[in-house]
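Presented below is the structure to which this report refers.
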Amino acid sequence: MAMESEEGEGLRGRVTEHRDAADMAWKDGGSSCAAFGQFLLDAGSLGPGLTRV
16 MAMESEEGEG LRGRVTEHRD AADMAWKDGG SSCAAFGQFL LDAGSLGPGL
66 TRV
């Protein structure tokens, strides 16, 4: 089976690397966390009538 081969091992390794990178991005101070915080600040500055759909 593919998942038991060297190719499968490589795939699992890459998935783990990407998962770890995503975890780091969402940690406090991470890039995704910071960008989302900035988005919320920007959305809040639009005014009360513009923040709801």
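Quick note, our numbering runs 15 ahead of the 1-based positions in the sequence shown.
For each residue, glycine too, the CB sits at the ideal point set by N, CA and C.
Going by the beta-carbon positions, is the gap between residue 47 and residue 58 smaller than 7 Å?
no
For residue 47, the three-state DSSP class (helix, strand or coil)
helix
Rounded to whole angstroms, what's the CA-CA distance from residue 52 to residue 26? Just pull it up for me.
33 Å
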